[in-house]
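Going down the list, the sequences are from chains A and B. Throughout the first sequence, residue numbering follows the working numbering, covering 1 to 299 in sequence. Throughout the second sequence, residue numbering follows the working numbering, covering 1 to 299 in sequence. C-beta atoms are modelled at their ideal positions from N, C-alpha and C, and glycine is treated no differently.
2 protein chains.
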Amino acid sequence: MSLPQWYSVFIEAVDAALDKVLPDGEIEPRQLHAAMRYSVFPGGKRIRPAVVCASRSAVAGPKRSGNSRSDDPAMWPSVAIELIHCYSLIHDDLPCMDNDDFRRGKPSCHKAYGEATALLAGDALLTLAFEALASPSFLDAVGPEPACSCVAALASAAGSRGMIGGQQLDISPWPWLEPGIGEPEALCLMEALKTGKLFQCAAVMGGIVGGACEEELGILSELASDLGLAFQIRDDLEDAVSEGEGAQPGIITAVSVWGVEGAQQHFVTLIDAARTKCRLLGNAGSELMDIIDLVNREW
Amino acid sequence: MSLPQWYSVFIEAVDAALDKVLPDGEIEPRQLHAAMRYSVFPGGKRIRPAVVCASRSAVAGPKRSGNSRSDDPAMWPSVAIELIHCYSLIHDDLPCMDNDDFRRGKPSCHKAYGEATALLAGDALLTLAFEALASPSFLDAVGPEPACSCVAALASAAGSRGMIGGQQLDISPWPWLEPGIGEPEALCLMEALKTGKLFQCAAVMGGIVGGACEEELGILSELASDLGLAFQIRDDLEDAVSEGEGAQPGIITAVSVWGVEGAQQHFVTLIDAARTKCRLLGNAGSELMDIIDLVNREW
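Here you go:
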C-alpha cells in the first residue's frame with residue numbers, strides 16, 4: 001500500500017505525540033499504563049488524526065508558519081481523537097459487547113490484561129483525551145477559547161448523542177421499538193452516530209485550530225461526515241466478503257439493508273460527494289483529497 | 001439526619017442542574033439515556049458537588065453577586081464531578097469489577113439495563129462531564145481560561161494517575177509486585193488516588209471559579225485531600241462493621257491495615273487537620289466547615 005509522503009511523515013509524528021501524552025509504562029499503576037499503551041500501539045492508519053491535520057492545512061495552508069508536523073497545534077486534537085477511537089475499540093471488544101478475542105492481529109486488551117484492567121484502560125484513555133485538549137502547550141498555541149471549542153466538539157461527538165449513541169443503537173436488537181423508522185433510515189442514523197460524528201469532529205477540530213470561518217467549518221463538517229459514512233460502508237462491505245454474505249438476524253449493516261451492489265453504489269456516491277465538497281477548498285484541500293482517495297482505494 | 005439549610009437548598013439546585021444537563025429519556029437512544037438517568041437519580045448527598053460550591057463560597061464569599069444557587073457558575077463543575085462519580089459507580093459495579101447487584105438500595109445499572117448498556121452509560125456520563133465544562137453558559141460565566149483549567153483538573157483527577165489509577169490498584173491483588181512498598185504506604189496511595197484526588201479536584205475547581213489566589217488554592221486542595229481520605233476511611237470502617245471485621249485476603253483497607261481503633265484514630269486526625277486548614281479561610285469557609293462536620297458525624 002502506498003501512502004502519500006506527507007501521510008507517512010504524519011503517522012510518525014502522531015505516533016510520537018501519542019507516545020508523549022501516554023504515561024510511561026513504568027509509572028504506577030504499571031499494569032494500567034501498559035494496557036493503555038498496548039491498545040494504542042502499534043496503531044492503524046490513524047485516519048481520524050489525519051483528518052484533523054489535513055483539515056487544518058485546508059484552511060490555514062500547510063506549513064503556514066514553517067512548522068514541522070510535530071509542532072503543529074493540530075497534533076493535540078489529533079491525539080485526543082485517536083485516544084477516543086482506541087478506548088472505543090477496547091470497550092467494544094469486551095465480552096459484554098462484541099466479545100472479540102483479537103484486534104489488529106493481536107489479542108484484544110481484555111484477553112491480554114483481563115477484563116477489569118481493560119475496562120479501566122478504556123476509561124483512562126477517554127479521560128486522557130480531554131486532558132490533552134486542556135494541556136498548557138495546546139492552550140499556549142491556540143488560546144483557551146479554541147481549546148474549549150475542541151472540548152465541546154469532541155465531547156458531543158463521542159457522547160450519548162454521538163459515537164456512544166451509535167454503539168447503543170448497534171447493540172439494540174432490530175427492529176427497534178420506535179414506530180415508523182425503516183431499515184435504511186435506521187442504518188443511516190446508526191452509522192452517522194457511530195462513525196460519522198467522530199470523523200466530522202476531526203474535521204471541525206482541525207478547522208477550529210486553523211482558524212476556519214463558518215463557511216469553511218460547514219464544508220469540512222459535511223465533507224467529513226460523507227467520508228465517515230463511506231468508511232463505515234466500506235467496512236461493512238469488507239466484513240460481508242470475509243464472513244460471507246449471510247445477514248445475521250437482528251443486525252443491520254449497509255449490506256443487509258442495500259445488498260452488496262447497493263452498498264457499493266452508496267459508497268461511490270458518498271466518495272463523489274466528499275470530493276465535490278473538497279474541491280470547494282481549492283488547492284489547500286489536497287491532503288483531504290488524498291485521504292478521500294485512500295478511503296476510496298485502500299480500505 | 002439534619003443537613004444545614006444551605007445544603008438542602010444546594011442538593012435541590014444541583015439535582016435540577018443535573019436534570020438539565022442529562023439528555024431527556026425520550027431522546028434516542030432511549031435505553032441509554034434512561035440508564036444514564038437511572039444511575040444519577042435519585043442521588044446521594046452529592047458531597048463532591050457540595051465541596052465545589054462551598055469552596056467557591058470560601059474564596060468568593062457566598063452570594064457575592066446576589067446569585068441564587070442555581071445561577072452559581074460553580075454549578076457546572078459541580079455537575080461535572082457528580083457525573084464522573086456516577087459513571088465510576090456504574091463501572092465499579094460491573095461483573096468484571098466488584099460484581100455488585102445493588103447500589104443505593106436498587107438494582108445496579110447492569111442489573112436493570114444489562115451489561116452492555118451499563119458500560120456505555122458509564123462511558124457517556126464520563127464524556128458528558130467534559131461537555132458540561134465546555135458548555136457556552138459556563139464559558140460565558142467564567143471565561144474560557146478557567147473553564148480549561150477545570151477540564152485539566154478534572155481529567156487529571158479522574159484519569160490513570162487519579163481515580164482510575166486508584167481503582168486499578170484496588171483490583172491489583174496485594175501484595176503488589178513493586179518492591180519496598182509497605183501496607184500503610186500502599187493503602188494511603190490507593191485511597192489518595194481512588195477518593196482523595198476527586199475531592200481535591202472538587203475544591204480546586206470551586207476555587208478556580210471563585211477566582212482563588214495560589215495560596216487559597218493550596219489550602220483548599222490540602223483540606224479536601226484530608227476530607228476525602230477521612231471520607232474513605234469512614235467508608236472502610238462502616239464496611240467492616242456491616243460485613244464483620246474479618247479481613248479478606250489480598251484486599252487492603254484502612255481496617256485491615258490499622259485495625260478498627262487505628263482507623264478511627266486516623267479518621268479523627270484527618271478531620272482535625274481539615275478543620276485547621278478550613279479555619280485559615282475565615283468565616284467564608286463556613287460551608288466547608290459544615291461539610292467537614294457532616295463527614296465527621298453522619299457518614
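Return the CA-CA distance between residue i and residue j, expressed in angstroms with no decimal places.
i: A:Asp-293; j: A:Gly-206; result: 19 angstroms
i: A:Ile-11; j: A:Leu-227; result: 19 angstroms
i: A:Lys-20; j: B:Lys-106; result: 43 angstroms
i: A:His-91; j: A:Cys-109; result: 9 angstroms
i: A:Leu-133; j: A:Leu-139; result: 8 angstroms
i: A:Ile-164; j: B:Trp-258; result: 43 angstroms
i: A:Gln-264; j: A:Ser-225; result: 17 angstroms
i: A:Ile-308; j: B:Leu-220; result: Past the edges of chain A, shown from 1 to 299, lies residue 308 of chain A, and the structure says nothing about it.
i: A:Trp-6; j: B:Leu-119; result: 38 angstroms
i: A:Glu-72; j: A:Leu-128; result: The question names Glu, but residue 72 of chain A in the sequence shown is Asp. C-alpha separation (whole angstroms): 19 angstroms.
i: A:Gly-25; j: B:Trp-76; result: 34 angstroms
i: B:Ala-17; j: A:Val-51; result: 35 angstroms
i: B:Gln-200; j: A:Ala-121; result: 23 angstroms
i: A:Met-97; j: B:Gly-143; result: 40 angstroms
i: A:Leu-229; j: A:Val-295; result: 11 angstroms
i: B:Pro-23; j: B:Leu-125; result: 10 angstroms
i: A:Met-289; j: A:Gln-248; result: 35 angstroms
i: B:Ile-181; j: B:His-266; result: 20 angstroms
i: B:Gly-250; j: B:Arg-104; result: 26 angstroms
Quick check: is the beta carbon of residue i nearer than 7 angstroms to any beta carbon in chain A?
i: B:Ile-171; result: yes
i: B:Asp-239; result: no
i: B:Ile-164; result: yes
i: B:Thr-253; result: no
i: B:Asp-123; result: yes
i: B:Arg-64; result: Residue confidence for B:Arg-64 is low, a pLDDT of 46 falling below 50, so the modelled location carries little weight; the figure read from the coordinates is stated next. No, because no Cβ of chain A sits closer than 7 angstroms to the Cβ of B:Arg-64.
i: B:Leu-120; result: yes
Exposed or buried, which one is residue i when buried takes at least 16 other CB atoms within 10 Å?
i: A:Thr-253; result: buried
i: B:Pro-146; result: buried
i: B:Pro-173; result: exposed
i: A:Phe-102; result: exposed
i: B:Asp-93; result: buried
i: A:Cys-351; result: Since the first residue shown for chain A is 1 and the last is 299, residue 351 of chain A is missing from the structure and cannot be characterised.
i: B:Gly-66; result: Annotation note: pLDDT 45 at B:Gly-66 (below 50); position unreliable, no value reported.
i: B:Arg-46; result: buried
i: A:Arg-64; result: At A:Arg-64, the pLDDT of 46 sits below 50, so the modelled position is not reliable; the number obtained from the coordinates is stated separately. By the neighbour-count rule (16 or more Cβ atoms within 10 Å), A:Arg-64 is not buried but exposed.
i: B:Gly-262; result: exposed
i: B:Ile-81; result: buried
i: B:Glu-185; result: exposed
i: A:Ala-158; result: buried
i: A:Arg-69; result: buried
i: B:Ser-39; result: buried
i: B:Gln-167; result: buried
i: B:Arg-48; result: buried
i: B:Pro-29; result: buried
i: A:Ile-27; result: exposed
i: A:Glu-183; result: exposed
Quick one: which chain B residues come within Cβ less than 7 angstroms of residue i?
i: A:Glu-131; result: Ala-152, Ala-155, Ser-156, Gly-159
i: A:Thr-367; result: This structure leaves residue 367 of chain A out entirely; chain A is present only between 1 and 299.
i: A:Met-305; result: Since the first residue of chain A shown is 1 and the last is 299, residue 305 of chain A is not available in this structure.
Indicate whether at least one CB of chain B lies closer than 7 angstroms to the CB of residue i.
i: A:Met-97; result: yes
i: A:Leu-126; result: yes
i: A:Arg-297; result: no
i: A:Pro-23; result: yes
i: A:Leu-229; result: no
Could you tell me which chain A residues have their CB closer than 7 angstroms to the CB of residue i, listed as they occur along the chain?
i: B:Cys-148; result: Ala-134, Leu-139, Pro-144, Ala-147, Cys-148
i: B:Leu-308; result: Residue coverage of chain B in this structure runs from 1 to 299, which leaves residue 308 of chain B outside it and unanswerable.
Quick one: list the residues of chain B neighbouring residue i, beta-carbon separation under 9 angstroms, in chain order.
i: A:His-301; result: Nothing in the structure corresponds to residue 301 of chain A, since chain A is present only between 1 and 299.
i: A:Leu-94; result: Cys-96, Glu-115, Ala-116, Leu-119
Name the chain A residues whose beta carbon is nearer than 8 angstroms to that of residue i?
i: B:Gln-31; result: Gln-168, Ser-172
Quick check: does the Cβ of residue i come within less than 6 angstroms of any heavy atom belonging to the ligand HEM?
i: A:Leu-119; result: As far as ligands go, the structure on display features none, and thus does not contain the ligand HEM.
May I ask you to verify whether the region 105-114 of chain B touches the region 30-42 of chain B, counting CB pairs closer than 8 angstroms and requiring at least 3? yes
Would you be able to state if there are at least three C-beta pairs under 8 angstroms between the region 279-297 of chain B and the region 49-58 of chain B? Yes, the region 49-58 of chain B touches the region 279-297 of chain B.
Cβ pair count under 8 angstroms reaching 3, the region 76-89 of chain B against the region 220-240 of chain B: no
Does the contact criterion of 3 or more C-beta pairs under 8 angstroms hold for the region 210-217 of chain A versus the region 186-199 of chain A? no
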